[in-house]
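Participant:
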Amino acid sequence: MKVEYEPKFPADYRPGIGIIGCGGIVKHAHLPAYNKHNLNVVGAYDVSEEATRGVKERFAVRNVFSSLNELLEHPEIEVVDIATHPAERVELIHRALQAGKHVLAQKPLALDVESARGVVEEAERRGLRLAVNQNGRWSPPWRIATLLVQQGEIGDVLAVTHLFDVHFGWVTETKFDKVPHWNIYDYSVHWIDISRCWLERKTPTAVRAREYHTPVQPPESQAHWGMWTDIAYADGSSALIRSVGCARTETPGHPFWIHGSEGTIRGSALGADYVELEKDGITQRWHLRGAWYPDGFAGTMGELLCAISEDREPYNSARHNLLSLQLTLAACRSSDQDGAPIPVGENPS
Ligand SMILES: NC(=O)c1ccc[n+]([C@@H]2O[C@H](COP(=O)([O-])OP(=O)(O)OC[C@H]3O[C@@H](n4cnc5c(N)ncnc54)[C@H](O)[C@@H]3O)[C@@H](O)[C@H]2O)c1
Numbered sequence: 014m015k016v017e018y019e020p021k022f023p024a025d026y027r028p029g030i031g032i033i034g035c036g037g038i039v040k041h042a043h044l045p046a047y048n049k050h051n052l053n054v055v056g057a058y059d060v061s062e063e064a065t066r067g068v069k070e071r072f073a074v075r076n077v078f079s080s081l082n083e084l085l086e087h088p089e090i091e092v093v094d095i096a097t098h099p100a101e102r103v104e105l106i107h108r109a110l111q112a113g114k115h116v117l118a119q120k121p122l123a124l125d126v127e128s129a130r131g132v133v134e135e136a137e138r139r140g141l142r143l144a145v146n147q148n149g150r151w152s153p154p155w156r157i158a159t160l161l162v163q164q165g166e167i168g169d170v171l172a173v174t175h176l177f178d179v180h181f182g183w184v185t186e187t188k189f190d191k192v193p194h195w196n197i198y199d200y201s202v203h204w205i206d207i208s209r210c211w212l213e214r215k216t217p218t219a220v221r222a223r224e225y226h227t228p229v230q231p232p233e234s235q236a237h238w239g240m241w242t243d244i245a246y247a248d249g250s251s252a253l254i255r256s257v258g259c260a261r262t263e264t265p266g267h268p269f270w271i272h273g274s275e276g277t278i279r280g281s282a283l284g285a286d287y288v289e290l291e292k293d294g295i296t297q298r299w300h301l302r303g304a305w306y307p308d309g310f311a312g313t314m315g316e317l318l319c320a321i322s323e324d325r326e327p328y329n330s331a332r333h334n335l336l337s338l339q340l341t342l343a344a345c346r347s348s349d350q351d352g353a354p355i356p357v358g359e360n361p362s
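Position in the sequence shown counted from 1, then plus 13, gives you the numbering used here.
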């Protein structure tokens with residue numbers, strides 16, 4: 014079965030892109046993806062001069078702007094890519110929307126659902142497109158799985174299971190070590206988001222989560238490497254994300270299973286990548302081109318550009334992302350209460 018899973022771009026629309034916040038992830042993934050697909054990066058702005066040093070030469074960024082206004086006033090820029098941390102993000106999204114720009118915002122969209130809803134409503138009032146950089150949605154194994162689920166290949170999705178079969182030793186020396194609820198809020202937000210995509214149209218009722226230090230963590234590390242999050246749905250379906258966080262393996266990855274009423278999809282993303290569909294006694298495995306880094310970042314921007322040119326809501330729209338943010342924040346609250354169930358209530362979108 015052929016599945017069109019690679020990033021897509023409009024045939025004849027290559028608007029100017031301006032990047033706000035030019036830190037680690039922009040240089041590691043946004044710009045490599047945009048260069049690979051010949052996107053039109055007009056310029057970048059960062060409060061730190063150090064952050065934008067060398068990006069013109071390395072990544073074909075045409076300008077380094079010395080102020081936010083200079084970027085927002087540039088007539089060629091139609092799309093603004095905001096890749097700061099979430100504390101600054103909402104204000105910057107408002108500024109970009111007020112300047113009449115479409116926006117791609119890094120994840121997690123905001124620190125709270127209320128302010129996220131505020132930017133969603135402002136974008137809609139202004140007739141602008143606001144998308145969230147949930148680039149995992151375009152990692153090849155997850156994208157194929159999503160398309161198979163949408164095509165009904167495994168029937169009704171009953172259970173989603175993820176395992177972080179990785180070692181989080183790298184976190185200790187980084188800024189992420191100090192992010193509150195790093196494992197849930199900053200990292201698992203991609204897994205929570207994809208799980209709710211696979212369980213689309215079902216109603217989540219409660220979230221439970223725990224984060225904990227594994228026995229092998231160095232005493233100075235703050236972020237919890239161990240974590241589990243469980244999302245319960247009204248019809249008995251569920252999603253479970255478990256972070257081992259201290260795995261000793263030569264083939265680290267993030268294996269997943271989607272159990273459906275008529276078949277099973279299994280695979281791994283962000284390491285040991287593969288995906289297969291088992292149905293009616295036959296197992297089909299896909300030959301994968303590309304990887305989450307950097308192609309997922311082409312996927313999110315490509316979807317936003319297609320949505321602008323086709324005058325429709327992007328699949329990764331901020332409105333769609335409100336539920337992902339709500340579930341993520343509910344998991345953080347549950348973790349604060351040692352795994353107590355947090356009711357999800359009304360779908361925010
Ligand atoms: N797969 C992914 O999608 C992925 C991976 C890593 C990080 N991220 C997310 O990307 C965001 C940034 O992460 P990072 O690792 O690049 O962080 P970083 O600290 O390396 O970069 C952030 C940059 O934003 C700049 N900045 C801060 N305030 C600004 C402002 N008002 N205007 C302009 N620039 C400003 C900082 O100077 C810094 O250079 C975080 O939200 C993180 O969760 C996403």
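Quick reminder that beta carbons are idealized off the backbone N, C-alpha and C, glycines included.
#1: For the region 46-56 and the region 66-76, state whether three or more C-beta atom pairs, one from each stretch, are separated by less than 8 angstroms.
#2: So the candidates are Asp-206, Val-126, Ile-254; which of them puts its Cα closest to the Cα of Trp-238?
#3: Just curious, the alpha helix (DSSP H) that Met-314 is in, first and last residue?
#4: Comparing the C-beta of Ala-118 with each C-beta of chain B, is any distance below 9 angstroms?
#5: Closer than 8 angstroms: is that where the CB of Asn-146 sits relative to any heavy atom of ligand 1?
#6: Check the DSSP bridge columns for Cys-259 and list the partner residues they point to.
#7: Tell me which residue opens and which closes the beta strand (DSSP E) that Asp-125 is part of.
#8: Would Trp-195 be called buried (16 or more neighbouring beta carbons within 10 Å of its own) or exposed?
#9: Does His-272 come out as helix, strand or coil in the three-state DSSP assignment?
#10: For Cys-345, collect the residues of the same chain with a Cβ closer than 6 angstroms to its Cβ; drop the 5 residues on either side in sequence, then sort them by chain order.
#11: Are three or more beta carbon pairs between the region 73-93 and the region 30-39 nearer than 8 angstroms?
#12: The beta strand (DSSP E) spanning Glu-224 covers which residue range?
#13: Can you check whether the CB of Arg-150 is closer than 9 angstroms to the CB of Gly-309?
#14: Would you list the residues sitting across from Arg-298 in a DSSP beta bridge?
#15: Taking the continuous beta strand (DSSP E) assigned at Trp-241, which residues delimit it?
#16: Between the region 241-251 and the region 208-228, are three or more C-beta pairs nearer than 8 angstroms?
#17: Evaluate Trp-305 with the Cβ neighbour count: other Cβ atoms within 10 Å of its Cβ, from every protein chain shown; 16 or more gives buried, anything less gives exposed.
#18: Which whole runs of the alpha helix (DSSP H) in the region 139-167 are 4 residues long or more, in chain order?
#19: For Val-145, which residues in the same chain have their Cβ closer than 7 angstroms to its Cβ, ignoring the five residues on either side in sequence?
#20: State the start and end residues of the unbroken beta strand (DSSP E) segment that holds Ser-281.
#21: Would you kindly report the start and end of the unbroken alpha helix (DSSP H) that includes Asn-48?
#22: Hey, would you say the C-beta of Val-39 is under 8 angstroms away from at least one heavy atom of ligand 1?
#23: Using a threshold of 8 angstroms, is the CB atom of Thr-97 nearer than that to any non-hydrogen atom of ligand 1?
#24: Could you check where the beta strand (DSSP E) with Val-229 kicks off and where it finishes?
#25: Could you round the C-beta distance between Pro-154 and Ala-252 to whole angstroms and report it? I think they count as a contact, below 8 angstroms.
#26: Compute the distance between the beta-carbons of Ser-250 and Asp-190, then report whether it is under 9 angstroms.
#27: Who pairs with Ala-252 in a beta bridge, going by DSSP?
#28: Asp-94 lies in the beta strand (DSSP E); which residues open and close that run?
#29: Quick check on this structure: which residue in Gly-182, Tyr-58, Ile-157 has the alpha carbon closest to the alpha carbon of Leu-85?
#30: Quick one: does the C-beta of Gly-34 sit closer than 8 angstroms to a heavy atom of ligand 1?
#31: Quick check on Ala-96: buried or exposed, where buried means 16 or more other Cβ atoms within 10 Å of its Cβ?
#32: Restricting to Cα atoms, I'd like to know which of Phe-177, Lys-15, Phe-78 is closest to Ser-256.
#33: Using a 10 Å radius around the Cβ and a threshold of 16 neighbouring Cβ atoms, would you call Pro-327 buried or exposed?
#34: Could you say which of Ser-337, Ile-271, Lys-188 lies nearest to Gly-168 if we only look at CA atoms?
#35: Closest to Gln-19 by CA distance: which of Gly-56, Asn-148, Met-240 is it?
Facilitator: Here's the rundown:
#1: yes
#2: Ile-254
#3: 310-323
#4: In the displayed structure, chain B is absent; only one protein chain is listed.
#5: yes
#6: His-180
#7: That residue, Asp-125, is in no beta strand (DSSP E); it is neither H nor E in DSSP.
#8: buried
#9: strand
#10: His-194, Ile-197, Tyr-198
#11: yes
#12: 217-225
#13: yes
#14: Glu-289
#15: 239-246
#16: yes
#17: buried
#18: 153-163
#19: Ala-118, Lys-120, Leu-122, Asn-329, Ala-331, Asn-334
#20: 277-282
#21: 44-49
#22: yes
#23: yes
#24: Element bounds for Val-229: n/a, residue is neither H nor E.
#25: So it is not a contact: roughly 17 angstroms between Cβ atoms.
#26: no
#27: Val-173, Ile-244
#28: 90-95
#29: Tyr-58
#30: yes
#31: buried
#32: Phe-177
#33: buried
#34: Ile-271
#35: Correcting the residue type first, residue 19 is Glu in the shown sequence and not Gln. Comparing Cα-Cα distances from Glu-19 to each of Gly-56, Asn-148, Met-240, the minimum goes to Asn-148.
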